[in-house]
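Notes to accompany the following structure.
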DNA sequence: GGTTGCATGTAAATGGTTACATGATTGT
DNA sequence: ACAATCATGTAACCATTTACATGCAACC
């Protein structure tokens, strides 16, 4: 799934600027299953525009730089729906956090505790963001389903970390493999 | 976290060949939080060998091609432990599956059902693999913790999909946005 | 005075995946 | 027969990230 398709997906939900699209992947409804950067979004939007899959209009703002609002065209709509028909590639998950933690016995217990606390806080913050949006019955069924799954998975992750933190710290503290802080 | 560090991590658990390292990321203890390909593993192993962080020995096998078994050196050990001290980069998650599902109302309900069923089966299979390994008290504390977290998260995902599948299908079936199969 | 948020964009660098090359054996 | 598993490796290709470029407003 390339940056172009991802942008089309965001634009199907309504008009948006490149900056707003990035936010959708950073803290918005797509944040828990996809990431992107400006370096991929802006070129993608230009390409989509050239292909006639989206149209842009300039929007002046006071005390803010102008923005370019893009909308999906009928042609863009059908291109997206075609793209949704492909078999999804396997999920990609990359977690330095879990890689590091899997060698917890070689790390100072204090650092392990700190890493876990940080991550719990991160999950709780993300959960608040995802749950707070009082849009439960305004968002389309698919988006609500995906959002619910994100919440379920993040909650399980945070709960697990909280429930097993002490046990891990205890185990690595009593082991002889201790490394100097 | 680059391919070299990842390989060092696997080798800290014991001697292994490039092929076996890949399996660790494909179906082994690292599979739920990292992926790699041969194209990144073999060059990484050669580089690590040249730097003196690992040593290799050839192992002849009957009715199988020879393999090169690599072991981590003391220098490699300390290089890995240093690498574990860096702040972990944010987790990367990329799911075409969730992206597609978030537009479920534009897809034939049958296809949505099939996608979800496939994914449930995938999770259940992965869970069986992760749980079956009767190594609970043989693996080091860190690895057990990370494995437990993988199980908790995958179980939450599979349970969510099972619990909400029917609801989603019902919602998109009654909507007027139906698209021809 | 420094940082953060808003806003768009480009170019180089990075790194990894994909595909290729090779080949024996085992299972369907 | 064909696909899959074991086993190692290289090289082109690709896409994305990172860093740079620019600038104003608001907040601390």
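Residue numbers (my numbering), protein chains in the order written: chain A, 23 to 203; chain B, 23 to 203. Cβ coordinates follow ideal geometry from the N, Cα and C atoms, glycine included.
Interface annotation, residue 46 of chain A: not in contact with chain B, CB-CB separation never under 8 Å. Listed along the chain, the chain B residues whose CB falls inside 9 Å of the CB of residue 103 of chain A are 125, 128, 129 and 201. Contacts with chain B (Cβ-Cβ distance below 8 Å) from the stretch 113-124 of chain A involve 113, 114, 115, 116, 117, 118, 119, 120, 121, 122, 123 and 124, listed in chain order. In the three-state reduction of the DSSP assignment, residue 137 of chain A falls in the helix class. Non-local beta-carbon contacts of residue 46 of chain A in its own chain, meaning distances under 6 Å to residues more than five positions away in sequence, involve 32 and 52 in chain order.
For residue 165 of chain A, the nearest CB of chain B lies under 8 Å from its own CB, placing it at the interface with that chain. Looking at the backbone, the Cα of residue 29 of chain B and that of residue 66 of chain B are separated by about 7 Å. Scanning its chain for C-beta atoms nearer than 8 Å, with the 5 sequence neighbours on each side dropped, one finds around residue 161 of chain A the residues 51 and 169, in chain order.
Contact check between the stretch 110-121 of chain A and the stretch 86-103 of chain B: fewer than three CB pairs, one atom from each, fall below 8 Å, which does not count as touching. Contact between the stretch 175-187 of chain B and the stretch 175-195 of chain A is present, with at least three C-beta pairs closer than 8 Å.
Contact with chain B is found for residue 171 of chain A, since one of that chain's Cβ atoms lies less than 8 Å from the residue's Cβ. At least one C-beta of chain B is nearer than 8 Å to the C-beta of residue 186 of chain A. If you draw a 10 Å sphere on the C-beta of residue 118 of chain A, you find 16 or more other C-beta atoms in it, and that means buried. Residues 138 of the same chain have their beta carbon placed closer than 6 Å to that of residue 187 of chain B, with the five preceding and five following residues left out of the count. Per DSSP, residue 171 of chain B is one residue of the alpha helix (DSSP H) stretching across 163-196. When DSSP states are grouped into helix, strand and coil, residue 71 of chain B belongs to the helix group. In the DSSP annotation of this structure, the continuous segment of the beta strand (DSSP E) that includes residue 91 of chain A starts and ends at 89-94. Close CB contacts of residue 77 of chain A within its chain, under the 8 Å cut and outside five residues either way in sequence, are with 71, 92, 93 and 95 (chain order).
Residue 63 of chain A and residue 24 of chain A have their alpha carbons spaced roughly 10 Å apart. Taking a cut-off of 8 Å on C-beta distances, the stretch 136-155 of chain B does not touch the stretch 144-155 of chain A, as fewer than three cross pairs fall below it.
For residue 78 of chain A, the enclosing beta strand (DSSP E) begins and ends at 76-81. In this structure, residue 69 of chain A places its C-beta atom within 8 Å of the C-beta atom of residue 26 of chain A. Inclusion of residue 106 of chain A and residue 125 of chain B in the CB contact set at 8 Å is warranted, their separation being smaller than that value.
Straight-line spacing of the CA atoms in residue 120 of chain A and residue 130 of chain B works out to 37 Å. For residue 174 of chain B, the C-beta contacts it makes with chain A under 8 Å involve 178, 179, 181 and 182, in order along the chain. In this structure, residue 122 of chain A keeps its C-beta atom at 8 Å or more from the C-beta atom of residue 163 of chain B. Nearest to residue 34 of chain A by C-alpha distance, out of A:100, A:83 and A:58, is A:100. Within chain A, the residues whose beta carbon sits less than 7 Å from that of residue 23 of chain B are 118 and 121, listed in sequence order.
Taking 8 Å as the Cβ-Cβ cut-off, the stretch 44-73 of chain A approaches chain B at 51, 52, 54, 55, 56 and 57, given in chain order. Residue state for residue 86 of chain A is assigned as coil, using DSSP reduced to three classes. Excluding the 5 residues flanking it on each side, residue 182 of chain B has no same chain C-beta neighbour closer than 7 Å.
DSSP lists B:92 as the beta-bridge partner residues of residue 38 of chain B. Residue contact check for residue 135 of chain A against chain B: no CB pair falls below 8 Å.
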